[in-house]
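Heads up: the sequence shown begins at 77 in our numbering, then just goes up one per residue. Here a beta-carbon is modelled for each residue, glycine too, at the ideal position from N, C-alpha and C. Notes to accompany the following structure.
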Amino acid sequence: MANFFVKKWIVMLFFIRSTFAQQCDQPLTTARFDCYPEPFASQEKCLARNCCWKPMNQLSEMLSTNALEMDVPSCYYPRDFPTYQIKTNESTAFGQRLIIVKQNSTYMPNEILSLTVDLFYETAQRFRLRIYDSTKKRFEVPLEVPVVKTKVNVTDYEVSLSQAPFAILVKRKSTGVTIPYLYGLGEHQQPLLINVTNQWNKLTFWTRDTPPVQDVNLYGVHPFHINVEMKTNMLTNFHGQFFLNSNAMDIDLQPLPAISYTTIGGIIDLYLFTGPTTQDVIQQYWDVIGKPTMPPYWSLGFHLCRYGYNNIDNLRAVIQRMHDAKFPYDVQWTDIDAMSSHLDFTYDQKNFNGLPDLVHSLQSEGKHYVNIIDCGISSTQPSGTYPPYDEGLKRAIFMTKFNSTEPITGEVWPGLTVFPDFTNASTIEWWTHIAATFHDTIPFDGIWIDMNEPSNFIDGSHDGCTNNSLDNPPFVPRIDQQFLIGRAILVSPNLVSKATTVNVYIPEDVWYQFSSGVKVKVVGVFTDLDAPLEKINVHVRGGFIIPMQMPGANLMVGRGNPFTLLVAQSALGNASGNLFWDDGDSIEFGLREQRVASTTVSSVREPINWRSIRLDPPAETSVTSVLVPDFEQATIVLDNEQYSQYAVAPATPPPPSYYKVIDSFSKATFSNCPKCNNQKSIFNAQYCTQCGYGYL
77 MANFFVKKWI
87 VMLFFIRSTF
97 AQQCDQPLTT
107 ARFDCYPEPF
117 ASQEKCLARN
127 CCWKPMNQLS
137 EMLSTNALEM
147 DVPSCYYPRD
157 FPTYQIKTNE
167 STAFGQRLII
177 VKQNSTYMPN
187 EILSLTVDLF
197 YETAQRFRLR
207 IYDSTKKRFE
217 VPLEVPVVKT
227 KVNVTDYEVS
237 LSQAPFAILV
247 KRKSTGVTIP
257 YLYGLGEHQQ
267 PLLINVTNQW
277 NKLTFWTRDT
287 PPVQDVNLYG
297 VHPFHINVEM
307 KTNMLTNFHG
317 QFFLNSNAMD
327 IDLQPLPAIS
337 YTTIGGIIDL
347 YLFTGPTTQD
357 VIQQYWDVIG
367 KPTMPPYWSL
377 GFHLCRYGYN
387 NIDNLRAVIQ
397 RMHDAKFPYD
407 VQWTDIDAMS
417 SHLDFTYDQK
427 NFNGLPDLVH
437 SLQSEGKHYV
447 NIIDCGISST
457 QPSGTYPPYD
467 EGLKRAIFMT
477 KFNSTEPITG
487 EVWPGLTVFP
497 DFTNASTIEW
507 WTHIAATFHD
517 TIPFDGIWID
527 MNEPSNFIDG
537 SHDGCTNNSL
547 DNPPFVPRID
557 QQFLIGRAIL
567 VSPNLVSKAT
577 TVNVYIPEDV
587 WYQFSSGVKV
597 KVVGVFTDLD
607 APLEKINVHV
617 RGGFIIPMQM
627 PGANLMVGRG
637 NPFTLLVAQS
647 ALGNASGNLF
657 WDDGDSIEFG
667 LREQRVASTT
677 VSSVREPINW
687 RSIRLDPPAE
697 TSVTSVLVPD
707 FEQATIVLDN
717 EQYSQYAVAP
727 ATPPPPSYYK
737 VIDSFSKATF
747 SNCPKCNNQK
757 SIFNAQYCTQ
767 CGYGYL
């Protein structure tokens with residue numbers, strides 16, 4: 077068990093194992109580290125581990141006790157608990173290598189008395205700590221991470237060691253305050269911002285197929301968190317911590333503040349990222365685990381999915397109703413009821429007869445189709461009738477029983493199932509072939525990979541669990557109801573039933589109301605805003621240019637609509653922005669950076685005819701209007717071409733009342749809409765009331 081005392085980028089690492097000890101006095105109950113985390117702790121069981129037993133007050137006396145104390149462990153490690161000490165310490169090209177040893181074994185089974193500790197000074201903002209068995213190989217996560225062989229000379233952090241007991245202290249060079257606030261450690265139903273000093277909390281990490289329930293581990297495992305340093309000025313520091321270990325684990329938070337990691341296997345492989353901003357921390361984290369894949373453009377649209385369409389007629393009826401209602405949606409999904417007997421890579425040719433044609437019809441309208449695939453492959457179909465199982469068996473890609481080549485059998489929707497091992501390279505080949513073959517039948521655009529925790533309806537396997545110790549182990553800144561989209565858009569939703577106002581914090585900067593363009597006069601404090609059911613409060617930060625686009629019937633249809641640029645000036649009167657725009661679908665792409673537009677705002681009045689610009693050849697759309705909130709006169713420079721013609725948007729439909737609209741239309745030039753060619757739809761030569769062209 078490794079304990080990390082978190083103090084403003086301070087991580088103190090101890091390996092705690094028990095021998096006879098006497099110093100049970102602790103100045104703070106919050107400094108007690110649990111020696112008996114299993115259920116039904118007792119004095120007899122605790123003392124058998126040579127730990128300290130000191131329960132809090134009896135229940136009758138607890139009525140006047142702080143509720144926080146009710147979770148204080150009664151069985152805890154003494155202060156003089158014997159542990160590891162440094163035997164050797166040598167410098168290496170990557171940093172340092174230590175050998176730490178323990179003189180006596182304790183109650184923990186299969187205890188390792190000699191460990192190797194590698195300290196990697198990988199970058200100025202990234203430190204890596206690896207602790208592993210000095211003699212025997214242990215399982216490590218099969219994830220490719222950067223291999224750094226040379227120590228960096230200058231870092232934002234400093235590392236110091238304690239000889240006996242062994243401890244590592246890592247801290248930011250510039251500060252040294254206590255940090256009790258963190259974000260992350262998912263996936264659990266918990267507040268976005270966690271104040272460690274508020275409660276004792278045990279978080280279990282093991283993927284589990286269950287709806288969100290308090291105090292229960294859920295679908296994902298992400299042993300990563302970001303700490304935020306609370307400061308009164310604007311120079312807030314952030315750092316991140318990532319525990320690279322895929323075994324079952326508990327992470328305990330206690331009000332000291334401290335974080336304890338307990339895992340049943342693997343090694344200690346810990347990354348520390350110094351930021352100092354949240355964006356920096358995430359970028360440094362991505363440098364280790366890899367960057368997320370760019371999603372296809374259509375996947376960002378509206379998706380329609382449910383279980384229980386039951387047949388093709390019901391599915392068609394739903395699609396038609398969406399069409400008749402002119403509801404914009406991009407993707408249609410089907411669930412396991414569209415499969416044949418719940419078998420992966422099949423469809424029900426009786427109840428969903430005509431599904432391939434329906435998919436082609438959707439795609440002809442610019443929509444897309446996603447089908448479901450569960451990770452459990454049926455193992456009970458007659459030999460030679462179900463290729464996903466037959467070919468998987470030949471390639472030996474299924475998870476096997478302990479010390480056996482026989483696939484381990486669980487149970488999912490089709491009955492008895494086996495599970496592909498996605499760490500096996502042959503599994504990727506099998507998956508690609510099976511998916512491509514099914515695509516020839518139904519040309520799906522995406523796959524909903526479900527039940528991939530993996531989920532199993534029975535404990536262990538159809539034969540039960542192996543009898544071994546692994547299958548049977550011994551045991552904000554106070555703001556979490558607002559969020560930023562990027563750095564420029566602040567969203568403050570109303571999350572309280574029947575409430576009509578929200579108490580929000582507007583950071584110290586230039587901000588504008590998104591709906592009206594009105595500049596916010598009071599910033600840096602909490603304020604109440606009207607928030608009726610139909611309104612979500614959104615603000616735009618000054619200094620940014622935000623591209624906006626009128627939606628179409630779905631995202632792919634709407635790609636051809638023109639862009640509007642929202643230019644929100646900073647206190648200095650400038651703004652900048654970025655837009656990534658490709659074909660929306662390609663996996664392989666080349667990144668070309670070019671300046672699309674720059675904007676200078678002044679009071680030049682000289683009228684100049686507007687002309688559209690192409691964003692990135694072969695672009696599908698153009699910029700046709702620019703909104704400048706809270707400004708009377710504007711000169712716009714786009715690709716070194718200057719424009720200063722502007723006009724207030726007409727009254728119908730109601731425009732953002734304080735926006736100035738610089739529009740591509742000219743009364744002398746246009747008599748009909750260049751998009752839908754409807755002459756009557758032009759109102760005041762500003763925008764098309766038929767299709768919305770030229771208006772936000």
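At least 3 beta-carbon pairs within less than 8 Å: the stretch 584 to 598 vs the stretch 361 to 376: no
Beta-carbon gap between Thr-481 and Ala-472 smaller than 9 Å: Numbered from 1 along the sequence shown, position 405 holds the residue referred to as residue 481. Numbered from 1 along the sequence shown, position 396 holds the residue referred to as residue 472. Yes. Within cutoff.
Assigned secondary structure, Gln-557 (DSSP; H/G/I helix, E/B strand, else coil): For the purposes of this step, residue 557 is identified with residue 481 of the sequence shown, where counting begins at 1. The answer is coil: DSSP assigns Gln-557 none of H, G, I, E or B.
Nearest to Cys-128 (by Cα), restricted to the options Arg-204, Gln-99, Leu-294: Along the sequence shown, read from residue 1 onward, the residue named residue 128 stands at position 52. Minimum Cα distance to Cys-128 is reached at Gln-99.
Residues near Val-724 by beta carbon distance below 6 Å, same chain, minus five either side: Start at 1 with the first residue of the sequence shown, and residue 724 comes out as number 648. Any reading at Val-724 must be qualified, since the residue scores a pLDDT of 31, below 50, and its modelled position is unreliable; the value itself is stated next. Nothing listed; no residue qualifies.
Expected contact under 8 Å - CB spacing of Pro-352 and Phe-314 to nearest Å: As a first step, residue 352 must be located in the sequence shown, where it is residue number 276. As a first step, residue 314 must be located in the sequence shown, where it is residue number 238. That pair is a contact at about 6 Å.
Simplified DSSP state of Ser-662, which is helix, strand or coil: Position 586 of the sequence shown, counting from 1, holds the residue named residue 662. Coil at Ser-662, not helix or strand.
Residue(s) in a DSSP beta bridge with His-515: Here the question's residue 515 lines up with position 439 in the sequence shown. DSSP output for His-515 lists no bridge partner at all.
Cβ contact check for the stretch 400 to 413 and the stretch 336 to 355: 3 or more pairs under 8 Å: no
Chain-order list of residues whose beta-carbon lies under 6 Å from that of Thr-168 (same chain, five-residue window excluded): Translated into positions along the sequence shown, residue 168 becomes position 92. Closer than 6 Å at the Cβ level, and outside the excluded window around Thr-168, lies no residue.
Inter-residue spacing [alpha-carbon to alpha-carbon] between Leu-469 and Val-567: Numbered from 1 along the sequence shown, position 393 holds the residue referred to as residue 469. Numbered from 1 along the sequence shown, position 491 holds the residue referred to as residue 567. Those two C-alpha atoms are separated by around 51 Å.
Backbone CA spacing between Arg-125 and Ser-181 [nearest angstrom]: Working through the sequence shown from its first residue, we reach residue 125 at position 49. Working through the sequence shown from its first residue, we reach residue 181 at position 105. Rounded to whole angstroms, Arg-125 to Ser-181 spans 11 Å at the Cα level.
Touch test, the stretch 448 to 464 against the stretch 488 to 503, Cβ-Cβ under 8 Å, three pairs minimum: yes
Element boundaries [beta strand (DSSP E), containing Met-624]: As a working note, residue 624 is residue 548 in the sequence shown. Segment 620 to 625, the beta strand (DSSP E) holding Met-624.
For Glu-26, the first and last residue of its enclosing alpha helix (DSSP H): Lying outside 77 to 772, the shown extent of the chain, residue 26 is not represented and no answer is given.
Where Trp-282 sits in the DSSP three-state scheme: What you label residue 282 is simply residue 206 of the sequence shown in a count that begins at 1. Trp-282 falls in the coil class under three-state DSSP.
Nearest-angstrom Cα separation, counted from Val-616 out to Ala-97: On the sequence shown, position 21 is the one that residue 97 refers to. On the sequence shown, position 540 is the one that residue 616 refers to. Because the pLDDT at Ala-97 is just 42, under 50, the model does not fix this residue reliably, and the value given afterwards should be weighed accordingly. The alpha-carbon atoms of Ala-97 and Val-616 are separated by roughly 60 Å.
Reduced DSSP secondary structure (H/G/I, E/B, other) of Glu-234: One-based indexing of the sequence shown puts residue 234 at position 158. Here Glu-234 sits in strand by DSSP.
Length of the line joining the Cα atoms of Pro-115 and Ser-150: Start at 1 with the first residue of the sequence shown, and residue 115 comes out as number 39. Start at 1 with the first residue of the sequence shown, and residue 150 comes out as number 74. Pro-115 and Ser-150: Cα-Cα distance of roughly 12 Å.
Own chain, CB closer than 6 Å to Asn-579, minus 5 neighbours either side, in chain order: If you number the sequence shown from 1, residue 579 lands on position 503. These residues qualify, in order along the chain: Phe-602, Asp-604.
Residue-chain proximity (Lys-227, chain B), Cβ-Cβ < 9 Å: No chain B is present in this structure, which holds just one protein chain.
Test item: CB-CB of Glu-584 and Asp-285 under 9 Å: Locating residue 584 in the sequence shown gives position 508, where the first residue counts as 1. Locating residue 285 in the sequence shown gives position 209, where the first residue counts as 1. Going by C-beta atoms, Glu-584 is not nearer than 9 Å to Asp-285.
Residue nearest to Thr-422 in terms of C-alpha spacing, selected from Phe-157, Glu-441, Val-217, Pro-463: The count along the sequence shown starts at 1 and reaches residue 422 at position 346. That would be Pro-463, whose Cα lies nearest to the Cα of Thr-422.
Per-residue burial, Met-787 [other beta carbons within 10 Å of its own, 16 or more giving buried]: The chain is shown only over 77 to 772; residue 787 falls outside these bounds and no answer can be derived.
Whole-angstrom distance between Ile-175 and Leu-44, CA atom to CA atom: This structure gives no information on residue 44, because the portion of the chain shown stretches from 77 to 772.
Cα-Cα separation between Thr-640 and Tyr-445, rounded to whole angstroms: Locating residue 640 in the sequence shown gives position 564, counting from the first residue. Locating residue 445 in the sequence shown gives position 369, counting from the first residue. When rounded, the distance between both Cα atoms is 30 Å.
Inter-stretch contact (C-beta, 8 Å, three-pair minimum) for the stretch 223 to 237 and the stretch 195 to 208: yes
Where Ile-525 falls, given that 16 or more other Cβ within 10 Å makes a residue buried: Working through the sequence shown from its first residue, we reach residue 525 at position 449. Per the 10 Å Cβ criterion, exposed.
Every unbroken alpha helix (DSSP H) within the stretch 378 to 420, with a cutoff of 4 residues, ordered by chain: 388 to 400
CA-to-CA distance, Asn-654 to Ile-621, given in whole angstroms: Here the question's residue 621 lines up with position 545 in the sequence shown. Here the question's residue 654 lines up with position 578 in the sequence shown. Their Cα atoms are separated by approximately 8 Å.
Beta-carbon gap between Leu-261 and Ile-327 smaller than 9 Å: Position 185 of the sequence shown holds residue 261. Position 251 of the sequence shown holds residue 327. Yes; because the gap between Cβ atoms is below 9 Å, this pair is in contact.
Where Arg-173 falls: helix, strand or coil (DSSP): Position 97 of the sequence shown holds residue 173. Note: Arg-173 maps to strand in three-state DSSP.
Top-ranked residue by Cα proximity to Thr-199, from Thr-350, Thr-508, Thr-354: Residue numbering aside, residue 199 sits at position 123 when the sequence shown is read from its first letter. Measuring from the Cα of Thr-199, the nearest candidate turns out to be Thr-350.
Coil, strand or helix - Gln-492 by DSSP: As a working note, residue 492 is residue 416 in the sequence shown. The sequence shown places Leu at residue 492, not Gln. Correct three-state label for Leu-492: strand.
Nearest-angstrom Cα separation, counted from Gln-290 out to Gln-266: Counted from its first residue, the sequence shown places residue 266 at position 190. Counted from its first residue, the sequence shown places residue 290 at position 214. Taking the straight line joining both Cα atoms gives about 7 Å.
Phe-514 versus Cys-541: straight-line alpha-carbon distance, rounded: To locate residue 514, count along the sequence shown from 1; it is residue 438. To locate residue 541, count along the sequence shown from 1; it is residue 465. For Phe-514 and Cys-541, the distance between alpha carbons rounds to 34 Å.
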